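**Q** Heads up: the protein sequence lines correspond to chains A and B, in order. Residue numbers for the first sequence follow numbering that gives the first Met the number 0, so the first one is 0 and each next one is one higher. Residue numbers for the second sequence follow numbering that gives the first Met the number 0, so the first one is 0 and each next one is one higher.
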Amino acid sequence: MPALLAKNLGKRYGRRWVLTRVDFAVEPGEVYALAGPNGSGKTTIIRLVTGLAFPSAGEVRLLGENVHEAGWRARRHLGAVVEAPAAFYPHLTGRQNLERMAWMSGLKDPTARIREVLHRLELLAVADQRVGSYSLGQRQRLGIAAAILARPRVLVLDEPTSGLDPDGIQKVHELLAEEAGRGVAVLVSTHHLREISAYANRVGILSGGRLVDEVELRPDRPRYRLLVADPERAAALLKTVPGLTGVKLRGEEVLFEGEPEQAVFALAQAGIAVRELTRDHFDLYAYYRERVSGV
Amino acid sequence: MFRFYLWELEKLFFLKPVRIGLVAAFLLPVIWSLAPGLERVYGLVLVSGWQVPALSLLAGMEFLFPFLVAMVAAEVLGAEVTMGTLKPVLLRPISRTRLVVVKLAAALSFPYLLLFASLLGALFAGAFHGFGGFYGGTGLGAGGFAGVGYLTPGAAFAEILRAYLLAGATLFPIAALAVFYAALFLSTTASALATLATVLLMRMLVVFPALVPLLLTRYLDLYLRPEAAGPGLLLLFIYTLGFGALAVLVFERKDV
Chain A
0 MPALLAKNLG KRYGRRWVLT RVDFAVEPGE VYALAGPNGS GKTTIIRLVT GLAFPSAGEV
60 RLLGENVHEA GWRARRHLGA VVEAPAAFYP HLTGRQNLER MAWMSGLKDP TARIREVLHR
120 LELLAVADQR VGSYSLGQRQ RLGIAAAILA RPRVLVLDEP TSGLDPDGIQ KVHELLAEEA
180 GRGVAVLVST HHLREISAYA NRVGILSGGR LVDEVELRPD RPRYRLLVAD PERAAALLKT
240 VPGLTGVKLR GEEVLFEGEP EQAVFALAQA GIAVRELTRD HFDLYAYYRE RVSGV
Chain B
0 MFRFYLWELE KLFFLKPVRI GLVAAFLLPV IWSLAPGLER VYGLVLVSGW QVPALSLLAG
60 MEFLFPFLVA MVAAEVLGAE VTMGTLKPVL LRPISRTRLV VVKLAAALSF PYLLLFASLL
120 GALFAGAFHG FGGFYGGTGL GAGGFAGVGY LTPGAAFAEI LRAYLLAGAT LFPIAALAVF
180 YAALFLSTTA SALATLATVL LMRMLVVFPA LVPLLLTRYL DLYLRPEAAG PGLLLLFIYT
240 LGFGALAVLV FERKDV
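This is the structure we're talking about:
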């Protein structure tokens, strides 16, 4: 069962559909990134899947429960940041804000957990200052701390790195990867495609309120690029080698997934000279631009 | 639930309109008791400190108190929208109904907080005239300010307390109406304006005599007519409950 499932999701304001027929699923331990230009529907999807807004069509299931029918019960396992920067009560300190959140989430004896998340987001030094005095980045990090506070099984974040400095962005990406590693399903909307492609499992590309493409990134299975004397023969050969997958031609290059030593050995045995072997980093940004401009 | 309510009350005290309202309610009787035109406008020469609270109610209930109650009740939900804190709260496993009910309870507490501040101001201002027994009336009981003879301090205080309790109850539907509009518009200004517009419209509906007994504005001076408290309070209670239920219904499926 997917941790988060959006089925035929649609949203209409008056007569205008801002989102149509969006389907996607996020499995436990998976990072699913939503990418798209401004106004493509990313935030609408985030608001719909977190139950803040109600769909005009379709449904959202969180761990099997309909978010809009089951109400608060479906949100027991949800952690989310839906606005950048995250909003807090400015007259309370960061710690007091988290205490209120912990209480609303029903966390028993939250003191240690609050300290832990503040430490993780490097906010301990300002924990007892009023949030009104926080910088944009500190507020955003406090938002992420609040989102992971109750150890959610589904994490939904809208532009979580907005307003953060490069160190902060890196920290957030590390944290999301860690959370996914613990089995948390992560849905994140972002413009930082190159960073997210390092650890996201899939990217949904939105344009004009539709999910126009879904790219599987498989960061656990690196892809390689070969420059060889006879690319067509090399590709045909590599397709027959056990353990190598995704063999295909891209211009004069041969792409494949699997052990590079195995590929080179097979090519050498067949007498095909290898001129260059490098890791092929999928350029999500270039692909995204191509897909969005093509719609 | 009670802890939730206390937290809402705590948040209430950090709202600017609340602080401004409480200060205004406190100052109103102080200023009025010193006003040189009291005799000309109200035909009153203050002879006792027990007469000052009535001055505060007469002046405040005309417009200021209903306005402040509408403003603050709208702000109870509207401020969360403005600050952006409503979304984080709704992301927690808390039912929307519970949230609105607690906010409604906080909004309904405000009329009495306001009147308490007003009473404190009145007692402070009244202290200069003394709180002994006197010949005359509090302005809130039989005979108005002229009274019907000698009034003991205990009887005067009882009249004032009854009037303030009734005045608070008459402000309940206005608070509930503002919360309903706030749930509908998710904006303090729009909700407060809509509430005041509704109240003013109801005042104008006196041109339809059949409707008059059903208008909540008909009972805004209930503190001066305690004999009408029975049917009046019942109607005000129905209005409050109705507006509250509408607020819950609207907010339950409201996009935030």
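Think of the CB as a built atom: it goes at the ideal place given N, C-alpha and C, for glycine as much as any other residue. Remember, predicted model here, so these are calculated numbers, not experimental data.
In whole angstroms, give me the CA-to-CA distance for R39 (chain B) and L232 (chain B).
**A** Mapped onto the second sequence, residue 39 (chain B) falls at position 40. Mapped onto the second sequence, residue 232 (chain B) falls at position 233. Rounded to whole angstroms, R39 (chain B) to L232 (chain B) spans 33 Å at the Cα level.
**Q** With DSSP as the reference, label F53 (chain A) as helix, strand or coil.
**A** By one-based count along the first sequence, residue 53 (chain A) stands at place 54. The answer is coil: DSSP assigns F53 (chain A) none of H, G, I, E or B.
**Q** Could you have a look at A126 (chain A) and say whether DSSP puts it in helix, strand or coil?
**A** The residue labelled residue 126 (chain A) in the question sits at position 127 within the first sequence. Correct three-state label for A126 (chain A): coil.
**Q** Using CA coordinates, which residue listed in B:F12, B:A34, B:E7 and B:L234 is at the minimum distance from L103 (chain B)?
**A** Within the second sequence, numbered from 1, the residue matching residue 103 (chain B) stands at position 104. Ranking the options by Cα distance to L103 (chain B), first place goes to B:E7.
**Q** Between the alpha carbons of F62 (chain B) and L91 (chain A), how many angstroms are there, rounded?
**A** As a first step, residue 62 (chain B) must be located in the second sequence, where it is residue number 63. As a first step, residue 91 (chain A) must be located in the first sequence, where it is residue number 92. Their backbone Cα atoms lie some 34 Å apart in a straight line.
**Q** Spell out the partners DSSP gives W16 (chain A) in its beta bridges.
**A** For the purposes of this step, residue 16 (chain A) is identified with residue 17 of the first sequence, where counting begins at 1. Answer is A:R11, bridged to W16 (chain A).
**Q** With DSSP as the reference, label V183 (chain A) as helix, strand or coil.
**A** What you label residue 183 (chain A) is simply residue 184 of the first sequence in a count that begins at 1. It is coil, neither helix nor strand.
**Q** How about V185 (chain A) and E194 (chain A): are their beta carbons less than 8 Å apart?
**A** The residue you call residue 185 (chain A) lines up with position 186 of the first sequence. The residue you call residue 194 (chain A) lines up with position 195 of the first sequence. Their beta carbons are not under 8 Å apart, which means V185 (chain A) does not touch E194 (chain A) by this criterion.
**Q** For V240 (chain A), which three-state DSSP category applies?
**A** By one-based count along the first sequence, residue 240 (chain A) stands at place 241. In the three-state reduction of the DSSP assignment, V240 (chain A) falls in the coil class.
**Q** Alpha carbons only, please: which of B:V17, B:A58 and B:F12 is nearest the one belonging to L31 (chain B)?
**A** For the purposes of this step, residue 31 (chain B) is identified with residue 32 of the second sequence, where counting begins at 1. In the sequence as displayed, the identity of residue 31 (chain B) is Trp instead of Leu. Per the Cα distances, B:A58.
**Q** If I follow the unbroken beta strand (DSSP E) through V214 (chain A), where does it start and stop?
**A** What you label residue 214 (chain A) is simply residue 215 of the first sequence in a count that begins at 1. Unbroken beta strand (DSSP E) run through V214 (chain A): R209 to E215.
**Q** Name the chain B residues whose beta carbon is nearer than 8 Å to that of A79 (chain A)?
**A** Position 80 of the first sequence, counted from the first residue, corresponds to residue 79 (chain A). Residues of chain B passing the Cβ test: L90.
**Q** Among B:G229, B:E226, B:G153 and B:M201, which one has its Cα closest to the Cα of R217 (chain B)?
**A** Mapped onto the second sequence, residue 217 (chain B) falls at position 218. Comparing Cα-Cα distances from R217 (chain B) to each of B:G229, B:E226, B:G153 and B:M201, the minimum goes to B:M201.
**Q** For a test of the three-state rule: what should DSSP assign to A34 (chain A), helix, strand or coil?
**A** Within the first sequence, residue 34 (chain A) is the residue found at index 35, counting from 1. Three-state DSSP puts A34 (chain A) in a strand.
**Q** For G243 (chain B) versus A193 (chain B), is the C-beta distance shorter than 8 Å?
**A** Walking along the second sequence from the start, residue 243 (chain B) turns up at place 244. Walking along the second sequence from the start, residue 193 (chain B) turns up at place 194. Against a cut-off of 8 Å, the Cβ pair of A193 (chain B) and G243 (chain B) comes out as no contact.
**Q** What is the rounded straight-line gap between the Cα of R91 (chain B) and the Cα of L62 (chain A)?
**A** For the purposes of this step, residue 91 (chain B) is identified with residue 92 of the second sequence, where counting begins at 1. For the purposes of this step, residue 62 (chain A) is identified with residue 63 of the first sequence, where counting begins at 1. If I take the Cα positions, the gap works out to 16 Å.
**Q** When Cβ atoms are compared, which residues of the region 44 to 65 of chain A fall closer than 7 Å to chain B?
**A** T49, L51, A52 and F53
**Q** Could you list which residues in chain A have their beta carbon closer than 9 Å to that of K15 (chain B), in chain order?
**A** Start at 1 with the first residue of the second sequence, and residue 15 (chain B) comes out as number 16. Contacts between K15 (chain B) and chain A, judged by CB atoms closer than 9 Å, are missing: the closest CB pair is about 12 Å apart.
**Q** Run through chain B and tell me which residues come within less than 8 Å of M100 (chain A), C-beta to C-beta.
**A** In the first sequence, the residue the question calls residue 100 (chain A) occupies position 101. Ordered by position in chain B, the residues that pass the 8 Å Cβ test against M100 (chain A) are P87 and R91.
**Q** Could you check whether A73 (chain B) and A177 (chain B) sit closer than 8 Å to each other, using their CB atoms as the reference points?
**A** Locating residue 177 (chain B) in the second sequence gives position 178, counting from the first residue. Locating residue 73 (chain B) in the second sequence gives position 74, counting from the first residue. In this structure, A73 (chain B) lies closer than 8 Å to A177 (chain B) by Cβ.
**Q** Using a Cβ-Cβ distance cut-off of 8 Å, determine whether G93 (chain A) contacts chain B.
**A** Taking the first residue of the first sequence as position 1, residue 93 (chain A) is located at position 94. Judged by the 8 Å Cβ criterion, G93 (chain A) is not in contact with chain B.
**Q** Would you call R14 (chain A) buried or exposed, if buried means 16 or more other Cβ atoms sit within 10 Å of its Cβ?
**A** Position 15 of the first sequence, counted from the start, is the residue given in the question as residue 14 (chain A). Within a 10 Å sphere around the beta-carbon of R14 (chain A) sit fewer than 16 other beta-carbons, which makes this residue exposed.
**Q** Would you kindly check if the distance between the Cβ of L123 (chain A) and the Cβ of Y133 (chain A) is under 8 Å?
**A** Position 134 of the first sequence, counting from 1, holds the residue named residue 133 (chain A). Position 124 of the first sequence, counting from 1, holds the residue named residue 123 (chain A). In this structure, Y133 (chain A) keeps its C-beta atom at 8 Å or more from the C-beta atom of L123 (chain A).
**Q** Buried or exposed: which applies to D157 (chain A), given that a residue is buried once 16 or more other Cβ atoms fall within 10 Å of its Cβ?
**A** As a working note, residue 157 (chain A) is residue 158 in the first sequence. It counts as buried.
**Q** At 8 Å on the CB atoms, spell out the chain A contacts of S186 (chain B), in chain order.
**A** Translated into the one-based positions of the second sequence, residue 186 (chain B) becomes position 187. Going along chain A, no residue has its Cβ under 8 Å from S186 (chain B), so there is no contact; the nearest lies around 16 Å.
**Q** What are the residues in the region 27 to 60 of chain B lying within 8 Å of chain A by C-beta distance?
**A** For the region 27 to 60 of chain B, which is checked against every Cβ of chain A, not one residue is closer than 8 Å.
**Q** Counting only Cβ pairs nearer than 9 Å, list the residues of chain A close to L252 (chain B).
**A** Taking the second sequence and counting its residues from 1, the one referred to as residue 252 (chain B) is at position 253. The amino acid at residue 252 (chain B) is misidentified as Leu; the sequence shows Arg. Those are F53 and H67, listed as they occur along chain A.
**Q** Any beta-carbon of chain A closer than 8 Å to the one on V100 (chain B)?
**A** Reading the second sequence from its first residue, position 101 is the one you call residue 100 (chain B). Not an interface residue.
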